[in-house]
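In the numbering used here, the protein residues as written are 2 to 427.
Glycine included, each C-beta is placed from N, C-alpha and C at the ideal position.
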Ligand SMILES: Nc1ncnc2c1ncn2[C@@H]1O[C@H](COP(=O)(O)OP(=O)(O)O)[C@@H](O)[C@H]1O
Ligand SMILES: [Mg+2]
């Protein structure tokens, strides 16, 4: 992202320097930016900026300050001054970690770009941590932005967890999912409490001990079952669990989670404008709306379309729209480097039981809504089995429930990326 020419400046304080918090607030005001505007420019959350300016953040990351200096348009010398301003080197306020124990800082970076339509949600989820009723859970179909939202939320909430932040991807693409015992061991090691544990029962007890009475944030991405999360839930204390999952987890305390899905049209256009340039998007609005439609409003698909355009400044949005128009090529076009829509759907599809794979195969040409009757025609003569299969597909975020028909029966539809995958790309 590029920023307008330098407009902000750090306040001069001869003799004794200002604190970082004061300097940042003044530089923002001098640049005539609100906290919201600075958040959009810097890629940090509004909450993170508020915490910095109120001095709540005891140990800001160097990278956060670099992003802020850039977004404030500070000249290089002023940016260096900002990085040198006094901040607390002491233990973060509120930390209760015993001396010698580890304070993990495992969060991967949140996306640098803004999350269209989700920044306020990230702040709202962050404000719910630690959740009194259970973990905070984000669920959605492939490429809907679960990881991005969870990470943005975790970074916004990070300062409330001075005893550390643990991050685990429970189902990396190339591996089997973690068992709950493996996860317990892994989190214990992160907290420096893994040595000398005898057996899984003792490990769970030790983990509860390590988490209660401290303020640790545990972020679990690609959770597969409730059983993985349960050992991390402790009563009281200041620790929290934030979950991103490919399937609903109805047996977790505090369910339902936050369901996310396609973006609205305006937000989808914003994703393309942020990556490809607002002028380009404004100049060919019909083509851009076609792209949004072909991407089904899905953040990953839009992100990939935006990358396609930004890598090809001389090609028009119409050219991309024409390529995407042929749905047989769509998954191949929506692939850039190590990001691909096909891989994202495959991560949902690969672990499915054979009966669900077979059902999806039978539904592969379903472009429109369907219901139990179609399942009975194509997949199984048993109504009960058909209903169960539909519920399973729904829980696993492969189909979505649409409007009921005139007689009140629920209708379903394949998520667009899933339809393309089962029709052309598996
Ligand atoms: N709201 C959003 N606005 C813009 N880009 C987004 C948004 N949500 C996700 N993305 C981008 O889309 C891609 C897929 O998001 P990701 O969180 O990995 O999806 P998921 O975890 O659901 O598969 C990432 O490159 C991410 O940065
Ligand atoms: Mg993810």
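Quiz item: Alpha carbon to alpha carbon, what distance is there between residue 157 and residue 44?
Solution: 11 Å
Exercise. Determine the DSSP secondary structure at residue 191, reduced to helix, strand or coil.
Key: helix
Practice problem: Kindly list the residues whose CB is nearer than 6 Å to the CB of residue 361, restricted to its own chain and excluding five residues on each side of it in sequence; keep chain order. | Solution: 423
Quiz item: Do you know whose CA, among 203, 279 and 326, lies nearest residue 186's CA?
Solution: 203
Quiz prompt | Range covered by the alpha helix (DSSP H) that runs through residue 42 | solution = 36 to 43
Quiz item: Looking at the structure shown, is residue 261 part of a helix, part of a strand, or coil, going by DSSP?
Solution: coil
Self-check item: residue 394 versus residue 35: straight-line alpha-carbon distance, rounded
Solution: 44 Å
Exercise. Can you tell me the Cβ-Cβ gap for residue 224 and residue 162, rounded? I've got them flagged as a contact below 8 Å.
Key: With a Cβ gap of about 19 Å, residue 224 and residue 162 do not count as contacting.
Practice problem: Using alpha carbons as the reference points, say which of 281, 116 and 396 lies closest to residue 304. | Solution: 116
Exercise. Indicate whether residue 309 and residue 289 have their beta-carbon atoms separated by less than 8 Å.
Key: no
Quiz item: Among residues of its own chain, excluding the 5 on either side of residue 109, which ones have a beta-carbon nearer than 7 Å to its beta-carbon?
Solution: 152 and 168
Quiz item: If you drop the 5 nearest sequence neighbours on each side, which residues of the same chain put their C-beta closer than 8 Å to that of residue 282?
Solution: 270, 273, 274, 289 and 318
Quiz item: How would you call residue 413, buried or exposed, if buried means at least 16 neighbouring beta carbons within 10 angstroms?
Solution: buried
Quiz item: Could you give the C-beta distance for residue 246 and residue 160, rounded to a whole number, given that I count them as a contact under 8 Å?
Solution: Going by Cβ atoms, the distance from residue 246 to residue 160 rounds to 25 Å, so no, they are not a contact pair.
Quiz item: Is it right to say residue 90 is buried, meaning 16 or more other beta carbons lie within 10 angstroms of its own, or is it exposed?
Solution: Because the pLDDT of residue 90 is 42, which lies under 50, any placement of that residue in the model is unreliable, and the number read from its coordinates should be weighed accordingly. The residue is exposed, with fewer than 16 neighbouring Cβ atoms inside 10 Å.
Quiz prompt | Nonlocal neighbours in the same chain, by C-beta distance under 7 Å from residue 421, ignoring five residues either side | solution = 328, 331 and 332
Quiz item: Shortest alpha-carbon distance to residue 122 belongs to which of 409, 260, 374 and 368?
Solution: Minimum Cα distance to residue 122 is reached at 260.
Exercise. Identify the continuous beta strand (DSSP E) that holds residue 246 and give its terminal residues.
Key: 241 to 246
Self-check item: beta strand (DSSP E) segment containing residue 229, residue limits
Solution: For residue 229, no beta strand (DSSP E) run applies; the uninterrupted alpha helix (DSSP H) run containing it begins and ends at 227 to 230, by DSSP.
Self-check item: residue 24 vs residue 68 beta-carbon contact at 8 Å
Solution: no
Quiz item: Is the Cβ-Cβ distance between residue 238 and residue 134 less than 8 Å?
Solution: Cβ atoms of residue 238 and residue 134: not closer than 8 Å.
Quiz item: Since residue 400 sits in a beta bridge, which residues does DSSP pair it with?
Solution: 415
Quiz item: Looking only at its own chain, which residues have a Cβ that is under 8 Å from the Cβ of residue 297, when we skip the five neighbours before and after it?
Solution: 263, 416, 417 and 418
Quiz item: Is the closest heavy atom of ligand 2 to the C-beta of residue 154 under 7 Å?
Solution: no
Quiz item: Taking Cβ to Cβ, would you say residue 390 is nearer than 8 Å to residue 376?
Solution: yes
Self-check item: Opening and closing residue of the alpha helix (DSSP H) in which residue 222 lies
Solution: Not the alpha helix (DSSP H): residue 222 falls in the beta strand (DSSP E), residues 218 to 224.
Practice problem: Determine, using beta carbons only, whether residue 200 comes closer than 8 Å to chain B. | Solution: Judged by its chain identifiers, the structure shown contains no chain B, having just a single protein chain.
Quiz item: Tell me which same chain residues have a C-beta within less than 6 Å of the C-beta of residue 386, skipping the five on either side of it?
Solution: none
Self-check item: Candidates 21, 183, 374 and 425, of which the one nearest residue 430 by Cα
Solution: The first residue shown for the chain is 2 and the last is 427, placing residue 430 beyond what the model contains.
Quiz item: Which whole runs of the alpha helix (DSSP H) in the segment 141 to 220 are 4 residues long or more, in chain order?
Solution: As summarised for the segment 141 to 220, the continuous alpha helix (DSSP H) elements at least 4 residues long and confined to that stretch are 147 to 158, 181 to 191 and 200 to 212, given in chain order.
Self-check item: Residues near residue 383 by beta carbon distance below 8 Å, same chain, minus five either side
Solution: These residues qualify, in order along the chain: 377.
Quiz item: CB of residue 114 to nearest heavy atom of ligand 1: below 7 Å?
Solution: For ligand 1, at least one heavy atom lies less than 7 Å from the Cβ of residue 114.
Exercise. Tell me whether residue 338 counts as near ligand 1, meaning its Cβ is closer than 7 Å to at least one heavy atom of that ligand.
Key: no
Quiz item: Do the CB positions of residue 137 and residue 66 come within less than 8 Å of each other?
Solution: no
Quiz item: Using a Cβ-Cβ cut-off of 8 Å (strictly less than) and excluding sequence neighbours within five positions of residue 405, which residues of its own chain qualify?
Solution: 411 and 412.
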